[in-house]
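Undergrad: Starting off with a structure, shown below.
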Amino acid sequence: MNTTQRTEQQRSADRRRRELLEAADRVVLRDGPQASMNAIAAEAGITKPILYRHFGDKGGLYAALAKRHTDALLDSLRAALDAPAERRKRVESTLDTYLAAIEARPQVYRFLMHPAEGSQAGEPNFDLGRNAAPVLRRMGEELARVIEERVDLGPGSEQLARVWGHGIVGMMHAAGDWWLGERPCSRAELVTCLADLLWGRLAAAGDRSGGPRF
Numbered sequence: 007m008n009t010t011q012r013t014e015q016q017r018s019a020d021r022r023r024r025e026l027l028e029a030a031d032r033v034v035l036r037d038g039p040q041a042s043m044n045a046i047a048a049e050a051g052i053t054k055p056i057l058y059r060h061f062g063d064k065g066g067l068y069a070a071l072a073k074r075h076t077d078a079l080l081d082s083l084r085a086a087l088d089a090p091a092e093r094r095k096r097v098e099s100t101l102d103t104y105l106a107a108i109e110a111r112p113q114v115y116r117f118l119m120h121p122a123e124g125s126q127a128g129e130p131n132f133d134l135g136r137n138a139a140p141v142l143r144r145m146g147e148e149l150a151r152v153i154e155e156r157v158d159l160g161p162g163s164e165q166l167a168r169v170w171g172h173g174i175v176g177m178m179h180a181a182g183d184w185w186l187g188e189r190p191c192s193r194a195e196l197v198t199c200l201a202d203l204l205w206g207r208l209a210a211a212g213d214r215s216g217g218p219r220f
């Protein structure tokens, strides 16, 4: 098989994988954590063994969907951080971007962060630590890199940036999870409260010399 044929086969496989993930997304939007491999295969017009061939098992499909949605969310968060506005406004915009994303697609959020709610007979059970935690860790590391690049934290800046990155993501996740379930206040009110909590140390820190602003 020549290089052109291999490239075309890879493109075809990538295209088919995207189509299957889009079918999975439609089922997850409808069923949330209750989304099953059977329902996803039916939505895609294939048999379950073919779905397994592409993703291995439900864990493989979960990982692919988690990457897909985390990539999109991180792109939105970076855009909020890069917006031409004062730091406080960008902090609020970043918090609001996260909360707006989980509010807009609550079933997707629950599938990714509370998959055990939908465990099916004959399918592997999920737990937050094994599946959702890597999503949060990735977001924490990404935010840590942004902070390290943009904020002058003085001695020990790399470690402090990681503390801040994971701490802010943990705060957003815990507060957002509680808010999505109970809706005790408006999204705007929650954004203001969380920004107030973060603001003291963020307001005092200077921008890193030669780097983009935070």
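Here the sequence shown is numbered in this note's numbering, starting from 7 and rising by one per residue. Where a beta carbon is used, it is the ideal one built from N, C-alpha and C, also for glycine.
Name, in chain order, the residues that DSSP records as bridge partners for G212.
TA: Indexing the sequence shown from 1 puts residue 212 at position 206. For G212, which the question treats as bridged, DSSP gives the partners D158.
Undergrad: How long is the line joining the alpha carbons of A50 and R22, rounded to whole angstroms?
TA: To locate residue 50, count along the sequence shown from 1; it is residue 44. To locate residue 22, count along the sequence shown from 1; it is residue 16. Looking at the two C-alpha atoms, the distance is approximately 10 Å.
Undergrad: Could you tell me the boundaries of the alpha helix (DSSP H) in which T76 lies?
TA: Residue numbering aside, residue 76 sits at position 70 when the sequence shown is read from its first letter. Looking at the DSSP string, the run of the alpha helix (DSSP H) that includes T76 is K64 to D88.
Undergrad: Does DSSP classify S224 as helix, strand or coil?
TA: In this structure the chain extends from 7 to 220, so residue 224 is not present and cannot be described.
Undergrad: Could you check the C-alpha separation between L196 and R59 for me, to the nearest Å?
TA: In the sequence shown, counting from the first residue as 1, residue 196 sits at position 190. In the sequence shown, counting from the first residue as 1, residue 59 sits at position 53. Whole-angstrom Cα-Cα distance: 43 Å.
Undergrad: If I measure Cβ to Cβ from Q165 and keep anything under 6 Å in the same chain, skipping five residues before and after, which residues do I get?
TA: Working through the sequence shown from its first residue, we reach residue 165 at position 159. Taking Q165 as the centre and dropping the five residues before and after it, the same chain places no C-beta closer than 6 Å to its C-beta.
Undergrad: By how many angstroms is the C-alpha of V157 removed from the C-alpha of R207?
TA: By 1-based counting over the sequence shown, the position of residue 207 is 201. By 1-based counting over the sequence shown, the position of residue 157 is 151. Roughly 11 Å separates the two Cα atoms.
Undergrad: CA-CA distance, V34 and G212?
TA: Translated into the one-based positions of the sequence shown, residue 34 becomes position 28. Translated into the one-based positions of the sequence shown, residue 212 becomes position 206. Straight through space, the alpha carbons of G212 and V34 are spaced by roughly 43 Å.
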